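A short write-up of the structure that comes next.
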Amino acid sequence: MTFSMQQNVLFDFHENADISNWYVVDDGVMGGKSAGTFCLGAHGHGVYSGKVSLENNGGFSSVRHRFDRTSVSAFSMFVLRIKGDGKAYQFRVKTASGDYYSYIGKFSTKGDWETIKIPFATMYPAFRGRTLDQPNFPGKEFQEIAFLIGNKKAEDFQLIIDTIALQ
Numbered sequence: 525m526t527f528s529m530q531q532n533v534l535f536d537f538h539e540n541a542d543i544s545n546w547y548v549v550d551d552g553v554m555g556g557k558s559a560g561t562f563c564l565g566a567h568g569h570g571v572y573s574g575k576v577s578l579e580n581n582g583g584f585s586s587v588r589h590r591f592d593r594t595s596v597s598a599f600s601m602f603v604l605r606i607k608g609d610g611k612a613y614q615f616r617v618k619t620a621s622g623d624y625y626s627y628i629g630k631f632s633t634k635g636d637w638e639t640i641k642i643p644f645a646t647m648y649p650a651f652r653g654r655t656l657d658q659p660n661f662p663g664k665e666f667q668e669i670a671f672l673i674g675n676k677k678a679e680d681f682q683l684i685i686d687t688i689a690l691q
């Protein structure tokens, strides 16, 4: 982890990055047919790509990363350096990897490299597409991050990730 007074890099994708703790979870866990993959690209960026299918009540793909519980109380937002494909995605956080729900920050991509800022206070709790009646992300600690695509349509996707940081 690289640390500066203004930003804490949670994950920096580069040619020698260890992505062994990243894993894909598709709607196949519920019988769906979506298929996502995650790898290091030619330039060392994380490449999350695949196809979302609506077959068998499917409709989502996600890539997740679990790690030791991390305190984030000194920060107020996530900062993503990404290159999308013009589609909408979700950045998700779990305070504990065993939680049944995630805190969600939605963002849209433009097709170019961009920096997406997601304030903790805007990340709402949800489970299986339903918003829960409880407070937004408290911004104290977390143990899992994820990217998810599920736009209620069949589509190919590709999200290229450079860094995930705290600010």
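Everything in the sequence shown is counted per my numbering, starting at 525 for the first residue and increasing by one.
Heads up, the beta-carbon is just placed ideally off N, CA and C, and yes, glycines get one too.
The structure displayed is predicted, hence computed values, not measured ones.
Pick helix, strand or coil for residue i, following the three-state DSSP scheme.
| i | result |
| --- | --- |
| Met554 | helix |
| Thr646 | helix |
| Glu579 | helix |
| Phe661 | coil |
| Glu679 | strand |
| Lys634 | coil |
| Tyr627 | strand |
| Ala696 | Because the chain here runs from 525 to 691, residue 696 falls outside it and cannot be looked at. |
| Lys641 | strand |
| Ser597 | coil |
| Met525 | Confidence is the limiting factor: at Met525 the pLDDT is only 38, short of 50, which leaves the residue's position unreliable, though a coordinate-based value still follows. Coil, per DSSP. |
| Leu656 | coil |
| Phe537 | coil |
| Ala670 | strand |
With 8 Å as the threshold, decide whether the Cβ of residue i is near any Cβ in chain C.
| i | result |
| --- | --- |
| Ser621 | The chain labelled as chain C is not found in the depicted structure, where only one protein chain is given. |
Locate the beta strand (DSSP E) running through residue i, then write down its first and last residues.
| i | result |
| --- | --- |
| Val603 | Met601 to Lys607 |
| Ala559 | Ala559 to Leu564 |
Checking 8 Å against the spacing of the C-beta atoms, do residue i and residue j come in under that value?
| i | j | result |
| --- | --- | --- |
| Lys607 | Asp680 | no |
| Asn532 | Ala689 | yes |
| Thr687 | Asp542 | no |
Please determine, among the options, the residue with the shortest C-alpha to C-alpha distance to residue i.
| i | options | result |
| --- | --- | --- |
| Leu578 | Ala678, Lys664 and Glu539 | Ala678 |
| Thr633 | Ile684, Leu534 and Pro662 | Ile684 |
| Asp551 | Ala689, Gly674 and Ala620 | Gly674 |
| Gly653 | Tyr572, Val603 and Tyr625 | Tyr625 |
| Pro662 | Ser600, Phe537, Asp536 and Gly635 | Ser600 |
| His589 | Gly570, Ala598 and Pro659 | Gly570 |
| Val587 | Val549, Lys676, Asp636 and Pro659 | Val549 |
| Ala645 | Gly635, Phe535 and Asn660 | Asn660 |
| Asp623 | Glu665, Tyr572 and His567 | Glu665 |
| Lys611 | Tyr547, Tyr627, Asp636 and Phe602 | Asp636 |
Problem set entry | Cβ contact check for the segment 554 to 561 and the segment 581 to 594: 3 or more pairs under 8 Å | Pairwise C-beta distances place the segment 554 to 561 in contact with the segment 581 to 594, as three or more of them are shorter than 8 Å.
Exercise. Do the segment 661 to 671 and the segment 608 to 625 make contact, defined as three or more Cβ pairs closer than 8 Å?
Worked result: The segment 661 to 671, when compared against the segment 608 to 625, does touch it at the 8 Å Cβ threshold.
Problem set entry | the segment 560 to 568 / the segment 648 to 656 touching (three or more Cβ pairs under 8 Å) | No, the segment 560 to 568 is not in contact with the segment 648 to 656.
For this session: May I ask you to verify whether the segment 626 to 640 touches the segment 590 to 600, counting CB pairs closer than 8 Å and requiring at least 3?
Result: The segment 626 to 640 makes no contact with the segment 590 to 600; the number of CB pairs closer than 8 Å stays below 3.
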